[in-house]
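Residue numbers for the sequence shown follow the working numbering, so the first one is 9 and each next one is one higher.
Every residue, glycine too, gets a C-beta built ideally from N, C-alpha and C.
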Amino acid sequence: MAAYFPGDDLFTPHERRRGLPIGNLTSQFFANAYLNPFDHFVKEELGCRFYIRYCDDFVIFGSDKRALAALVPELADRLSALRLRLHERKCQVRRVDEGVDFLGDRIWPTHRRLRRESVLRFKRRRRHLRDARRAGQTDLAHVRASLASWSGHAGHADTWRLREQLAQTFVW
């Protein structure tokens, strides 16, 4: 029998008791469909005007820190009903001028930067690609496609100098 996803077999859904495969287009669709009632709850019942969600990541902006902190238990209760929970480290109430971590970026009112971990992860990936290319395990087209993909992602943040620096220091 054919596998559902690379590396999966017939029993994988029973072994993976939670979550959806990351990066799969159906995961994005199901996250949006599953959390649509939560979106309505946040916007209509809680009255949060400045709410943004992408898949399972969301931010709520407001001008009253206490009011935002008071939302956390209500959000946790509603997510609990969906068999979801807030991530303890990522659930924060903070000033926007301190920057907000969202979707791999650190976002301020005036600019956006890649998170340090994202840059370090890319540098490791770039080293791996270089080594694989030198060992003949991958071709130049794959390396270029991978670099172009990251550059496209990084281009949404204020990273012109970073991308230039990384391009100049890349040794084939």
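Residue i classed as buried or exposed, judged by whether at least 16 other C-beta atoms fall within 10 angstroms
i	result
Thr177	exposed
Leu43	buried
Asp105	exposed
Cys99	exposed
Thr167	buried
Leu148	exposed
Leu137	buried
7 angstroms Cβ cutoff met for residue i and residue j
i	j	result
Ala165	Arg171	no
Arg103	Arg114	no
Leu76	Val101	yes
Leu111	Tyr62	yes
Residue i - partner residues in DSSP beta bridges
i	result
Phe69	Phe58
Leu122	Asp113
Val127	Per DSSP, none; premise fails for Val127.
Val108	Ile115
Three-state class that DSSP yields for residue i in the structure shown
i	result
Val101	coil
Ala11	Residue placement at Ala11 cannot be trusted, given a pLDDT of 43 that sits under 50; what the coordinates show is reported in the next sentence. Coil, per DSSP.
Gln145	coil
Arg93	coil
Asn40	helix
Cβ neighbours of residue i in the same chain (closer than 7 angstroms, five flanking residues each side left out)
i	result
Ala11	Any reading at Ala11 must be qualified, since the residue scores a pLDDT of 43, below 50, and its modelled position is unreliable; the value itself is stated next. Same-chain partners within the cutoff: Asp17.
Trp158	Phe130
Close-in-space but distant-in-sequence residues of the same chain around residue i (CB under 6 angstroms, 5 per side omitted)
i	result
Phe69	Phe58
Trp116	Gly107
Spatial neighbours of residue i in its chain, beta-carbon cut-off 8 angstroms, leaving aside the 5 residues before and after
i	result
Asp64	Ala39, Leu43, Leu92
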